[in-house]
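**Student:**
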DNA sequence: AACCAGGACGTGA
DNA sequence: TCACGTCATGGT
């Protein structure tokens, strides 16, 4: 079985740093490429810089559940336009207003409730880094969302397993398609250096490569397998 | 015009 | 534990 670190380095060489987690509402820096897509901060791992950005990641992680990121962006922009992109405002705002704002991201009835829950949670921990079980106890936060929040909002070394990871590495014969979330997570964490940047970058690279090679309407060929 | 997207929850075996 | 139905908008 091929070395995961070699696959990581191949992907990094092909695609370059991905700049995850995208933060739509941050100041552009000198390091931003002129035409780089807003949000992605390629090669800059100094995020998040404050609790507002931390909450933007939490909100994005919930909103992107089984949903295209382009739809999440619309919802995040609506939230920002209504001054709702912070935990306190989300907690206090009217539920119907919240639903209206996040409508483009789909599942808005349940996601509005989930956003309220995660907002209350963020306020309750007062900026300290939460434990994994703690976040998992929030309704609407499952294993992938919890790991995304820990890895990207709190810079904790928790590997994120999503549908792309499962699909791509099933094709690469690392495990079968009915492997459990935690089994897959352990495979990655046991075979990679416990490095937050590697975890962050690898997950983002997997998403990019899987979009190109392992999603619908895309033929799998020899270049898919690195 | 189906099909799918950076899942999670509730339910009943 | 586990398989299955449900949730919803927007792009292809």
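Residue numbers (the numbering used here): 2 to 227. We treat Cβ as the ideally placed atom computed from N, Cα and C, and that holds for glycine.
(1) Under DSSP, the alpha helix (DSSP H) around residue 78 begins and ends at which residues?
(2) Let me confirm a value: residue 47 is counted as buried when at least 16 other C-beta atoms fall within 10 Å, else exposed. Which label applies?
(3) State the Cα-Cα distance for the pair residue 150 and residue 176, rounded to the nearest angstrom.
(4) In this structure, does DSSP put residue 5 in helix, strand or coil?
(5) Rounded to the nearest angstrom, what separates residue 190 and residue 161 at their Cα positions?
(6) From the DSSP output, in three-state form, read off residue 48 for me.
(7) With a CB to CB cut of under 8 Å and the five nearest residues on each side skipped, what residues in its chain are close to residue 84?
(8) Would you mind listing the alpha helix (DSSP H) stretches within the region 78-127 that are 4+ residues and don't spill past its ends, in chain order?
(9) With a 10 Å radius around its C-beta and 16 neighbouring C-beta atoms as the bar for buried, classify residue 20 as buried or exposed.
(10) Pair every Cβ in the region 121-138 with every Cβ in the region 166-186, then say whether three or more of these pairs are closer than 8 Å.
(11) Would you report the Cα separation of residue 63 and residue 223, rounded to the nearest angstrom?
(12) Look at the Cβ atom of residue 197, then the Cβ atom of residue 158, and state whether they are nearer than 8 Å.
(13) Among 76, 24, 155, which has the Cα closest to the Cα of residue 123?
(14) What separation, rounded to the nearest whole angstrom, lies between the Cα atoms of residue 102 and residue 210?
(15) Following the continuous alpha helix (DSSP H) through residue 144, name the residue where it begins and the one where it ends.
(16) What's the gap between the Cα of residue 202 and the Cα of residue 121?
(17) On the DSSP letters alone, give me the boundaries of the alpha helix (DSSP H) that residue 197 sits inside.
(18) Given a threshold of 16 other Cβ atoms within 10 Å of its Cβ, counted over all protein chains shown, does residue 67 qualify as buried or as exposed?
**Tutor:** In terms of the structure at hand:
(1) 70-82
(2) Residue 47 is exposed by the Cβ-count criterion.
(3) 25 Å
(4) In the structure shown, residue 5 sits in a helix (DSSP, three-state: H, G or I).
(5) In a straight line, the C-alpha of residue 190 is about 10 Å away from that of residue 161.
(6) coil
(7) 90
(8) 88-93, 96-103, 109-126
(9) buried
(10) no
(11) 35 Å
(12) yes
(13) 155
(14) Between residue 102 and residue 210, the C-alpha separation is close to 31 Å.
(15) 144-149 is the extent of the alpha helix (DSSP H) around residue 144.
(16) 29 Å
(17) 197-214
(18) exposed
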